[in-house]
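Heads up: the structure comes next, in C-alpha cells.
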Amino acid sequence: KQEVTQIPAALSVPEGENLVLNCSFTDSAIYNLQWFRQDPGKGLTSLLLIQSSQREQTSGRLNASLDKSSGRSTLYIAASQPGDSATYLCAADPGSARQLTFGSGTQLTVLP
Amino acid sequence: NAGVTQTPKFQVLKTGQSMTLQCAQDMNHNSMYWYRQDPGMGLRLIYYSASEGTTDKGEVPNGYNVSRLNKREFSLRLESAAPSQTSVYFCASSRQGANQPQHFGDGTRLSIL
C-alpha cells in the first residue's frame, strides 16, 4: 500500500527566504505526483502535477521536482511571501481509478 | 467560475440521524470524488465516480453511500451517522484520463454528537 510522508509538519520562515518542502512515497509505481495548496477553511487548489516521465515542473515562483527511484518529490518556493502561508499537500497518483494517496501536509507560515 | 460547489458548508447531527451531502460541478468533468479529511491522516477517498452512471468504493467506504445523479452532481449519504464520521468532507472533480488534476470544493464540516 502506498504511503506518502511530508516532513516537517510545520515550517516558519521570514519573508523573502527560498524554501523547500519535502514529500516521500514508498511505491515508485506512480503515474504522477501532485502538489496542492490548502488555505484555512478552504478546499485544495492544484499547484503542479509532475508526470512520471518528467523530472520537474515550474509555475511562477514554484518549482516541483520528482525522483521516482528514490521515492521523493520537492516543492521549491522562491522569494517567499506572507501570501504563501498555507498548508501544502502532495499526493501520489497510481494511475488506476485515480485513487490519490495524500500526505498529511506541511503547514507553512511566512512571517512579514 | 463556480467550479465545484458543496452544500451545506456546516452541519451538526445527532448519532443515528441521516444526511445527504450535495456536490455539483460546472466544468463538464466526467470524474467525481468524495474525500474525508481528518487531522493527521491526510485526505482519504470514500467513493469515486469515473463517469456518469458508475461509482466505485475508495479506501474508506463503510457507512456511506453515493449517487451520481447526472454528469454534474454527485451526492454522499450517511444513513445512520456515527461520531467517527465527524470530519471535513471534500468533493472533487477532474477530466477523464491520465494526468488530470483534481479540482476541489470548499468542503462540508460535519460534526456528529
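Protein chains in written order, with my numbering: chain A, 3 to 114; chain B, 6 to 118. Glycine included, each C-beta is placed from N, C-alpha and C at the ideal position. Nothing here was measured: the structure is a model prediction, and the numbers come from that model.
I'd like to know if A/L51 contacts chain B, where contact means its C-beta is closer than 8 Å to some C-beta of that chain. One-based indexing of the first sequence puts residue 51 of chain A at position 49. For A/L51, the closest Cβ of chain B is nearer than 8 Å.
To the nearest angstrom, report how far apart A/D95 and B/Y69 are at their CA atoms. Position 93 of the first sequence holds residue 95 of chain A. Position 64 of the second sequence holds residue 69 of chain B. Their Cα atoms are separated by approximately 23 Å.
Would you verify that the beta carbon of A/Q36 is, or is not, closer than 8 Å to some beta carbon of chain B? Stepping through the first sequence from its first residue, residue 36 of chain A is reached at position 34. A/Q36 belongs to the set of residues whose beta carbon lies under 8 Å from a beta carbon in chain B.
With 8 Å as the limit, tell me which residues of the stretch 59–84 of chain B have their beta carbon closer than that to any beta carbon of chain A; keep them in chain order. Result list: D61, G63 and E64.
Work out the CA separation of B/H34 and B/G58 for me, nearest whole Å. One-based indexing of the second sequence puts residue 58 of chain B at position 53. One-based indexing of the second sequence puts residue 34 of chain B at position 29. If you draw a straight line from the Cα of B/G58 to the Cα of B/H34, it comes to about 13 Å.
Under 8 Å by Cβ, that's how I've got A/T76 and A/A66 pegged, so tell me the actual separation to the nearest angstrom. Stepping through the first sequence from its first residue, residue 76 of chain A is reached at position 74. Stepping through the first sequence from its first residue, residue 66 of chain A is reached at position 64. The C-beta distance from A/T76 to A/A66 rounds to 7 Å, short enough to meet the 8 Å contact threshold.
How would you write the range of the beta strand (DSSP E) that A/Y33 sits in, first residue to last? The residue you call residue 33 of chain A lines up with position 31 of the first sequence. Premise fails: A/Y33 is in no beta strand (DSSP E) and is neither H nor E.
By the DSSP assignment, the beta strand (DSSP E) with A/N65 in it spans what residues? As a working mapping, residue 65 of chain A is identified with position 63 in the first sequence. Taken as a continuous stretch (DSSP letters only), the beta strand (DSSP E) holding A/N65 covers L64 to D69.
Looking only at its own chain, which residues have a Cβ that is under 7 Å from the Cβ of A/P10, when we skip the five neighbours before and after it? The count along the first sequence starts at 1 and reaches residue 10 of chain A at position 8. Around A/P10: T108.
Between the CA atoms of B/E84 and A/Y78 - distance to the nearest angstrom: Taking the first residue of the first sequence as position 1, residue 78 of chain A is located at position 76. Taking the first residue of the second sequence as position 1, residue 84 of chain B is located at position 79. Taking the straight line from one Cα to the other gives about 44 Å.
Could you check if B/S116 is buried or exposed, using at least 16 other CB atoms within 10 Å of its CB as the buried criterion? As a working mapping, residue 116 of chain B is identified with position 111 in the second sequence. Exposed.
State the CB to CB distance for the pair B/Q30 and B/V9, rounded to an integer number of angstroms; the pair is presumed to be in contact (CB under 8 Å). As a position in the second sequence, residue 30 of chain B is number 25, starting the count at 1. As a position in the second sequence, residue 9 of chain B is number 4, starting the count at 1. Between B/Q30 and B/V9 the beta-carbon gap is near 5 Å, inside 8 Å, which marks them as a contact.
To which residues does DSSP link B/G47 through a beta bridge? One-based indexing of the second sequence puts residue 47 of chain B at position 42. B/D43, per the DSSP bridge assignment.
Kindly indicate which residue of A/N34, A/G62 and A/S82 has the alpha-carbon position closest to the one of A/S55. For this step, residue 55 of chain A is matched to residue 53 along the first sequence. Measuring from the Cα of A/S55, the nearest candidate turns out to be A/N34.
So, does the CB of A/G62 fall closer than 8 Å to a CB anywhere in chain B? Residue numbering aside, residue 62 of chain A sits at position 60 when the first sequence is read from its first letter. No, its Cβ sits nowhere closer than 8 Å to a Cβ of chain B.
Give a yes or no on whether the minimum CB-CB distance between B/F15 and chain A is below 8 Å. Position 10 of the second sequence holds residue 15 of chain B. No, B/F15 lies away from the interface with chain A (no Cβ there is under 8 Å from its Cβ).
Enclosing beta strand (DSSP E) for B/Q30 [first to last residue]: Counting from one through the second sequence, the residue named residue 30 of chain B turns up at place 25. It spans M24 to Q30 - the beta strand (DSSP E) in which B/Q30 sits, taken as one unbroken run.
Measuring straight from C-alpha to C-alpha, what distance separates B/V107 and A/G18? Walking along the second sequence from the start, residue 107 of chain B turns up at place 102. Walking along the first sequence from the start, residue 18 of chain A turns up at place 16. The question names Val, but residue 107 of chain B in the sequence shown is Gln. Taking the Cα positions, B/Q107 is about 30 Å away from A/G18.
Thinking just about the alpha-carbon of each residue, which of B/G102, B/R41 and B/Q11 is nearest to the one in B/E64? Translated into positions along the second sequence, residue 64 of chain B becomes position 59. With distances taken between CA atoms, B/E64 lies nearest to B/R41 out of B/G102, B/R41 and B/Q11.
If we ignore side chains and look at the alpha-carbon of each, how far apart do A/A80 and A/L50 end up? What you label residue 80 of chain A is simply residue 78 of the first sequence in a count that begins at 1. What you label residue 50 of chain A is simply residue 48 of the first sequence in a count that begins at 1. If you take the alpha carbons of A/A80 and A/L50, they lie about 15 Å apart.
Alpha carbon to alpha carbon, how far is A/E5 from A/L110? One-based indexing of the first sequence puts residue 5 of chain A at position 3. One-based indexing of the first sequence puts residue 110 of chain A at position 108. Approximately 22 Å, taken between the alpha carbons.
Spell out whether any CB of chain B is found under 8 Å from the CB atom of A/L13. On the first sequence, position 11 is the one that residue 13 of chain A refers to. Answer no: the Cβ-Cβ gap between A/L13 and chain B never drops below 8 Å.
Output the boundary residues of the beta strand (DSSP E) element that contains B/V17. Looking up residue 17 of chain B in the second sequence gives position 12. Per DSSP, the continuous beta strand (DSSP E) segment holding B/V17 begins and ends at F15 to L18.
Are the Cβ atoms of B/D43 and A/K44 separated by less than 8 Å? Translated into positions along the second sequence, residue 43 of chain B becomes position 38. Translated into positions along the first sequence, residue 44 of chain A becomes position 42. For the 8 Å CB-CB criterion, B/D43 and A/K44 do not form a contact.
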